[in-house]
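Okay, so here's the structure we're looking at.
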Amino acid sequence: MFEITGDEGVLHVQMFDVSERRRSPNIPLKTERRTRSRMANTNPPQRTQDDGQEKSSSPEINNNKKNNKQKTRSKSSKERHNHKEKSEQTADQELCDVDGNLQNESNGDSNQADEGHGCESEAAPKQEADEPQAAAPVKIKKKRVKDEKSPEKHDDKNQTSGKKRKKQTSEHDKAEKNKKIKKGGDEEDKKKKKGKKEDKKDEESDNCSLRPQGMKTCLRFISRFIYISAERNKSALLVSSVRHYYAGAAAKTVSDCRWEEGKLSDSQKWSSLEHKGPYFPPEYEPLPDNVCFYYDATEEIATFYAKMLDHEYTTKEVFQNNFFGDWREVMTKDERKLIKTLSKCDFSQILKYFVEKSEERKNMTKEEKQVLKDEANRLMEEYGYCLLDGHREKIGNFKLEPPGLFRGRGEHPKMGKLKKRIQPEDVTINCSEDSKVPEPPAGHQWKRVQHDNTVTWLASWLENIHGRPKYIMLNPSSKLKVVMIVMMVKEMMVVVVVLMGMMVKVMMMMVVVVVVVMVMMVKVIGDDCGDDGKRDDGGGGGVDGDDGKSDDDDDGGGGGGGDGDDGKSDVMMVKVVTTVVMMVKEMMVVVVLMGMMVKVMMMMMMMMVVMGEKDWQKYETARRLKMSVDSIRKRYRRDWKSREMKSRQRGVAIYFIDKLALRAGNEKDDESADTVGCCSLRVEHIRLHRRLDGQEHVVEFDFLGKDSIRYYNKVPVEKQVFKNLKLFIKHKDPEDDLFDRITTINLNKTLNESMSGLTAKVFRTFNASTTLQDQLNKLTTEDMTVEEKILSYNRANRAVAILCNHQRAAPKTFEKSMQLLQEKIQKKKEQIEEAKKELKEAKKAHKDAPSDKSKKLLEKKEKAVQRLCEQLKKLQLQETDREENKVIALGTSKLNYLDPRITVACDSCPSLNAFIRTHKSHKNSGGGLQYLISRFYLLVLNEAEGAARNVNVTRESRDLEGISAAPFLRTDLTIDSAFHFMSSERSGSAAETAVGFGPD
DNA sequence: CAGAAACAGTCCGATTCCGGTCA
DNA sequence: CTGACCGGAATCGGACTGTTTCT
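Position 260 (the first sequence) corresponds to 260 in the UniProt record's numbering; numbering is contiguous.
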């Protein structure tokens, strides 16, 4: 149901096409993996060298960069202007040339475009169905704008609901008023200025009023879901009716029922906030006397270094220099005199001490561990939660970061620097004015206490490495969830009310029919009439138009009842038949709607459990992108041929972002590792191949992205892009920016013009989600075994990981475990050989001397062979999966990009049951996305086969993908227990209050 | 031989902590 | 630019299973 519909643009994973890979899973993957391996210094140096020989070599690039970086950077920025002036003419000249050359191609290009995305050939009904969705919000907008303008009037009009509302929102109003008073005239001025903007915001993506937003969202889902299901059933009737009712319902609910609870103005994030402040890491414990450091110096810092001794970091010069520099700064004079060379320091004893200590901790008894655990829980209880608008919400990071040495990723220039201990005097506290201000540790004071409700953080401090602020914030999963769930339920109820209205209408129609029929009967008794009124197309053809009518005038039924006038009786007949047909259809719609509503409601609540509001909104934006991606693509294609260099660059950049899911690539200072994204790509990061490996116009990317993770990819691009790239790199040095005329700022600005809320990173969400969906469709077929489906599911996930360049370092034990698996496979093969031999013998024996006994033996042996073969197959699948999982791990792709609603899109209630069952029994999990998605998906698969209870997912699958058996063991829950579960099960656990399902 | 206990390997979710994005 | 977030790889700690050893 949550499937993204609208335009079915082709996904941009051609180069990652897993179906290709599936046919020969091992070979291509291996090479690719090697090339994709992380280029960070954590890699053994040989590998880098290998890479260097294989390809255009990143080390060279690195060296270049190191040497020229400063020069280059300043040059490129200073000279950019010059460069611009100089090249403007030539560039434009070239543009014209290229344009000239391209004129012939332009036709072909546009064709290509259409083919490439294959979205033009949309089914007609689909487009139709999309219309009302565009229409509905417009209605809403108008009404809402009215409301905004005359809030008091509105209140008066709705006295009945107003009473309730006032109670709920009095606090809020207060807060709002306070704020208004504070900001006074300023605010008003701003409002005037913003004017239209705000209205627009309200309608589009407001944070300002949760309620209508949620409602709209919710209605949109329902309509989408119903629409999809309807389409699946090929029921034109349903589609059109639904279209209609949706439009009506949306307008009605939004205008009539505006709850104001939870309504916060645009920037306001909370109205009350109370917390205990951060938890400070324990003070430094001096080493025992028997552990001596060669110098008895600023010991704590020495321990930081010692702890990292067995890490590769400490062998790096930058690290050592940074560390030693910072260390000396905090030394006393005497110490400084004494300690002059790092290499003469001996940390080994300290290291040994800590190793011993950690051993000790591992060897603790259960009781001792329990004590520690209890203590941790106590801390969590005390500091781990805050009160946000009256709800107890979990805090994401209530512990301040302990002091230590900074370890950047990749070749970070600041690695090894000292991360200082944070003192209360560094910490700013943010809470509401009337709340209890957290106590600073004894003898200390906070830097500041503020009451800013436009931000979400509870405490902040400046980190000393980069001087950037850091924050203590809420746990992302707990953000505003409670409000949303309550909201959803209420809104669903409104929808149900609307449905009831529809039913009443149907009943009225029934009355009309009865009356008409009676009138007719009276007539018929009088004089017989022919039955030519029963023309079939009266019902069928009228569907669309009739639906439209019946909805436009709200009481269509009543109106129809009025004209029971006599005309010719066959006209009457037609009328009756039409009415009856409509009635039946309406009723069908109502029934179907009702059923779906319940399902949708359940699903949404489920999703709400795991998704915060922010996440939900993120996926909403991605979904909107899906709707309008066609026009955006067209636009950037147009830009490829623009006269302006800037537009061309922007067009190509957006193309990369769209096609390859690159990150935006902000400008960075020289103080951080040299990594790039799309806009900050330099000429040296790409190579152009007119022809490579049988493909035309191939761009070879090789750069370090976020976290210094290497992005290496060879992508065939469209001819125009290729030409543009050639143009971009002309007259440029390798260290110059590829896209020198654009920045992320103006790129995002352009995107935002195409669609509100659209930024570069939305493409990642969008691409990841569509890829998953597409891959799931592609890779799974009905007749697969569960194991194969699991593999497919994982592969779909992996395709996403590849697309987003999510990688991990290969697990240390990887080779070993791989070997182990292979041995197992070998063993199994031998067993099969053995079993086959025995089978042969049994056959022979049976042939020679047939008997019951020999026959049974034969059967037994046959079964044994069969069983062994199955086991072997499973092992082999497992092997493949693990091999593929080496650097592209499922766990690595944290699925922050993936819309969980995709895999939860299932419209069978039994699956939902199973889902709840699963969720319920896994008490230790907070309901992580990965967990929910994979489990639920599997259950859906199983359910589809009607095998949920029969398939033993327990052992074999666990090894395939680590699926725990426990969740599958519960079978005693029914659909009803869903609500029970939600209202009761979680109470008692620590998380429950945060989730808000606990008793009030 | 069954069942318990100890141990190792694997996986998962949570947490940590740095590196991005974007207004 | 800075401030306020979001993203995600590494790391940590616990749960689960399979295997081996003990009773």
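Note that beta-carbon positions come from the ideal geometry of N, C-alpha and C, so glycine has one too.
Measure the C-alpha to C-alpha separation of residue 724 and residue 642 and round it to an integer number of angstroms.
11 Å
Worksheet entry | Simplified DSSP state of residue 428, which is helix, strand or coil | strand
(request) For the beta strand (DSSP E) holding residue 386, just list the boundary residues, first then last. (result) 385-388
Margin query: By the three-class DSSP mapping on this structure, what secondary structure does residue 192 have?
Written below: The predicted model places residue 192 with a pLDDT of 39, which falls under 50 and marks its position as unreliable, so this point remains unresolved.
* In angstroms with no decimal places, state the Cα-to-Cα distance between residue 863 and residue 692. => 51 Å
Taking 6 Å as the limit between beta carbons, can you name the residues of its chain near residue 412, skipping five residues before and five after? 673
Under the rule that 16 or more other beta-carbon atoms within 10 Å means buried, what is residue 278, buried or exposed?
buried
Report task. Please classify residue 392: does DSSP put it in a helix, a strand, or coil? Result -> strand
Note to self: Please report the straight-line C-alpha distance between residue 454 and residue 267, rounded to a whole angstrom.
What the structure shows: 5 Å
Item to complete: Kindly indicate the opening and closing residues of the beta strand (DSSP E) around residue 702.
Response: 695-704
- Under 7 Å between C-beta atoms of residue 682 and residue 738: yes
Taking residue 759 and residue 751 to be in contact with their CB atoms under 8 Å, please state how far apart those CB atoms are, rounded to whole angstroms. 6 Å
Identify whether residue 775 lies in helix, strand or coil by the three-state DSSP scheme. helix
Check: Over what stretch of residues does the beta strand (DSSP E) that includes residue 689 continue unbroken?
Finding: 686-692
**Message:** Measuring only the C-alpha atoms, how far is residue 501 from residue 623?
**Reply:** 31 Å
Residue of 649, 831 and 650 minimising C-alpha distance to residue 867
831
Counted within 10 angstroms of its Cβ, other Cβ atoms place residue 745 as buried (16 or more) or exposed
exposed
Over the uninterrupted alpha helix (DSSP H) stretch that includes residue 871, give me the two end residues. 852-884
Pick from 834, 271 and 859: whose alpha carbon is nearest that of residue 843? 859
### Task
State buried or exposed for residue 288, treating a residue as buried only when at least 16 other CB atoms are found within 10 Å of its CB.
exposed
Backbone CA spacing between residue 702 and residue 678 [nearest angstrom]: 12 Å
Discussion item. Less than 6 Å between C-beta atoms, sequence neighbours within five positions excluded: which residues of the same chain meet that for residue 273?
Written reply: 388, 431 and 432
Note to self: For a test of the three-state rule: what should DSSP assign to residue 644, helix, strand or coil?
What the structure shows: coil
Three Cβ pairs or more, each shorter than 8 Å: is that satisfied between the region 625-641 and the region 649-656? yes
Could you tell me the alpha carbon to alpha carbon distance between residue 396 and residue 761, rounded to whole angstroms?
23 Å
Taking the alpha-carbon positions, what's the residue 716 to residue 649 distance? 18 Å
query: Do residue 572 and residue 520 have their CB atoms nearer than 7 Å?
result: yes
Looking at the unbroken beta strand (DSSP E) that takes in residue 459, where does it start and where does it end?
459-462
Considering only the alpha carbon of each residue, which of 351, 361, 320 and 359 lies closest to residue 341? 320
Would DSSP call residue 713 helix, strand or coil? strand
I need the straight-line Cα distance from residue 378 to residue 438, nearest angstrom please. 17 Å
Can you grab the Cα-Cα spacing for the pair residue 332 / residue 298, in whole Å?
8 Å
Pull up the distance between the alpha-carbon of residue 722 and that of residue 668, whole angstroms please.
27 Å
Where residue 795 falls: helix, strand or coil (DSSP): helix
Per DSSP, residue 1051 is paired with what? Summary: the structure shown does not reach residue 1051, with the chain confined to residues 1 through 1000, and so no result is reported for it.
**Message:** Just to confirm the assignment, what range does the beta strand (DSSP E) spanning residue 471 have?
**Reply:** 469-472
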